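Asks: Take the sequence shown: its letter number 44 is residue 44 in the UniProt record's numbering, and every next letter is one higher.
First the structure, which I've put down as structure tokens, then a few questions once you've had a look.
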Amino acid sequence: MNSRDTASACTHCGRDLDPAWKFCVWCGARVIPAEAAPEPTPHAERHLNPVAVFALVLGILLSPLAIAFGHVALHQLKSSEDRGRLIALIGTVLGYAAVVLIVLVVVAWVQLRVPL
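So, in structure tokens, the structure goes:
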């Protein structure tokens, strides 16, 4: 009997395994015996959080409102299975960058307009 006949498949990457292996040599996942392997459960589709997308759009438009929508999206994402954390972070950071840019422009304008 050949070891190929008794080999099982890795539950992580699906490649053939030798029965003596404790870890998959392809992906490094721990080998679980077939009788102890849990039944695969269908994954629910994770939706993209629309507030996170709105925060990103506002951030691209350099709107300070991106800060508010970004923080709301981040708060919503903590308690849900939705996707969009990176999008919300980018929108929030762009919103803060917009505020800094607006402050710098106003300060520069005031400095250039005031005669010494």
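Just so you know, even glycine gets a beta-carbon here, dropped at the ideal spot from N, CA and C.
Note that the structure is predicted; figures quoted are calculated from it, not measured.
Cβ of G84 within 9 angstroms of Cβ of I67?
Replies: Counting from 1 along the sequence shown, the entry for residue 84 is found at position 84. Counting from 1 along the sequence shown, the entry for residue 67 is found at position 67. Contact: no.
Asks: For the stretch 47-65 against the stretch 18-25, do three or more pairs of beta-carbon atoms, one drawn from each stretch, fall closer than 8 angstroms, so that the two count as touching?
Replies: No: the two stretches stay apart, fewer than three of their Cβ pairs being nearer than 8 angstroms.
Asks: Could you give the distance in angstroms between the alpha-carbon of R30 and the alpha-carbon of C13?
Replies: In the sequence shown, counting from the first residue as 1, residue 30 sits at position 30. In the sequence shown, counting from the first residue as 1, residue 13 sits at position 13. The C-alpha of R30 lies about 11 angstroms from the C-alpha of C13.
Asks: Mark A98 as exposed unless 16 or more other C-beta atoms lie within 10 angstroms of its C-beta, in which case mark it buried.
Replies: Locating residue 98 in the sequence shown gives position 98, where the first residue counts as 1. Buried.
Asks: Which partner residues of F23 appear in the DSSP bridge assignment?
Replies: Translated into positions along the sequence shown, residue 23 becomes position 23. F23 pairs with R30.
Asks: Per DSSP, what kind of secondary structure is R46 in: helix, strand or coil?
Replies: Position 46 of the sequence shown, counting from 1, holds the residue named residue 46. Coil.
Asks: Rounded to the nearest angstrom, what separates V57 and P115 at their Cα positions?
Replies: Translated into the one-based positions of the sequence shown, residue 57 becomes position 57. Translated into the one-based positions of the sequence shown, residue 115 becomes position 115. So the two alpha carbons sit approximately 39 angstroms from each other.
Asks: Note the first and the last residue of the continuous alpha helix (DSSP H) segment covering T92.
Replies: Position 92 of the sequence shown holds residue 92. Per DSSP, T92 belongs to the alpha helix (DSSP H) from 85-113.
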